[in-house]
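According to mature numbering (1 follows the signal peptide of the UniProt record, and there is no 0), the residues represented by the sequence shown are -24 to -1, 1 to 219, in order. Beta carbons: idealized from backbone N, C-alpha and C, even for Gly. Please read these numbers as outputs of a predicted model, since none were measured by experiment.
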Amino acid sequence: MCRQRWVALLVLLGLLLQASTTFAKDYYELLQVAKGANEAQLKRAYRKLALQYHPDKVTGSEEEKKAASQKFADINHAYEVLSDPEKRKIYDQYGEDGLKQAQAREQGGGRGGHDIFDMFFGGGFGHGHHQEEETRKGHTIYVDLPVSLRDLYVGKELQVVRDKSVLKTTSGTRKCNCKTKIMTRQLGPGMFQQFQTQECGTCPAVKLEREQVPINVHVEPGMNDGHRIEFFEEGEPLVDGEP
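Below, the structure is given as structure tokens:
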């Protein structure tokens, strides 16, 4: 009798351990694509699943609606990660936990998520060096875009016209400070020292002019309210830098 209890306990523990190891979501399985899926395949799979599990389309009990809503959120998060080359690279190498650590460090004012693992693992535990060129960037601009519930459900192409400062080249040259090189020296485990030097010298003279700049926005079917769409180099320009 005692032996049977021990066997039952061991089986139960085995099931619990199996459940804990499979709790982390596999983003590729969520989107039902292969690990080597390209951008078009990811987008096609996301659209299909987003329409299937969209909260406004699911009927049934409250529990079924709640489960579909969670599935919809998981699908959106998986697509957000896998459609971003840098996030996908980190996820493929280090999994969901590694991605969370990289994002937490980036939000906390540390180094960018794309090179966090180079810093800690690239140089081992010796006195490694890391260097990168950094270009100064202008301010990020946030624009609220009102859309209807139907637009979020079926998708839509919109155009936003923004009053934006644009850099124009003029005659002559100027002394600028648009690029810096950041050197990182690893002093020991968890200890780093940074150096910064100017890399850019003479650039063409420029001036700022205001222009009406159109931006095409693609609202994906199944997008959540408050979803952020990023447009690179569309922020405010910087004379000694880039948008």
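Alpha carbon of residue 50 to alpha carbon of residue 210, nearest angstrom: One C-alpha to the other measures close to 29 Å.
Cβ-based neighbour list, residue 190, same chain, cut-off 6 Å, excluding 5 preceding and 5 following: So the list reads 135, 137, once near-sequence residues are dropped.
First and last residue of the uninterrupted alpha helix (DSSP H) at residue 130: It spans 125 to 130 - the alpha helix (DSSP H) in which residue 130 sits, taken as one unbroken run.
Residues sharing a beta bridge with residue 191, DSSP: Looking at the DSSP assignment, residue 191 forms a beta bridge with 136.
Beta-carbon gap between residue 7 and residue 55 smaller than 9 Å: Going by C-beta atoms, residue 7 is nearer than 9 Å to residue 55.
Segment contact flag, the region 20 to 31 with the region 60 to 67, C-beta cutoff 8 Å, min 3 pairs: The answer is no - the region 60 to 67 does not touch the region 20 to 31, with fewer than three Cβ pairs under 8 Å.
Backbone secondary structure at residue 206 - three-state DSSP: DSSP places residue 206 in coil when its eight states are reduced to three.
Nearest-angstrom Cα separation, counted from residue 127 out to residue 15: Between residue 15 and residue 127, the alpha-carbon positions lie close to 22 Å from each other.
Segment limits, alpha helix (DSSP H) that includes residue 32: It is not in any alpha helix (DSSP H) - residue 32 carries neither H nor E in the DSSP assignment.
Inter-residue CB distance, residue 47 and residue 29 (contact presumed, cutoff 8 Å): Confirmed, about 5 Å.
As assigned by DSSP and simplified to three states, the class of residue 59: Here residue 59 sits in coil by DSSP.
Cβ neighbour criterion (16 or more within 10 Å) applied to residue 3: Per the 10 Å Cβ criterion, buried.
Same chain, Cβ closer than 6 Å to residue -2, five either side skipped, listed in chain order: Residue confidence is low: residue -2 scores 43 on pLDDT, short of 50, so the model does not pin down where it sits. No coordinate-derived value is stated.
Exposure of residue 148, with buried meaning 16 or more beta-carbon neighbours within 10 Å: Exposed is the call here.
Residue 5, enclosing alpha helix (DSSP H) - first and last residue: Residue 5 -> alpha helix (DSSP H) spans 3 to 7.
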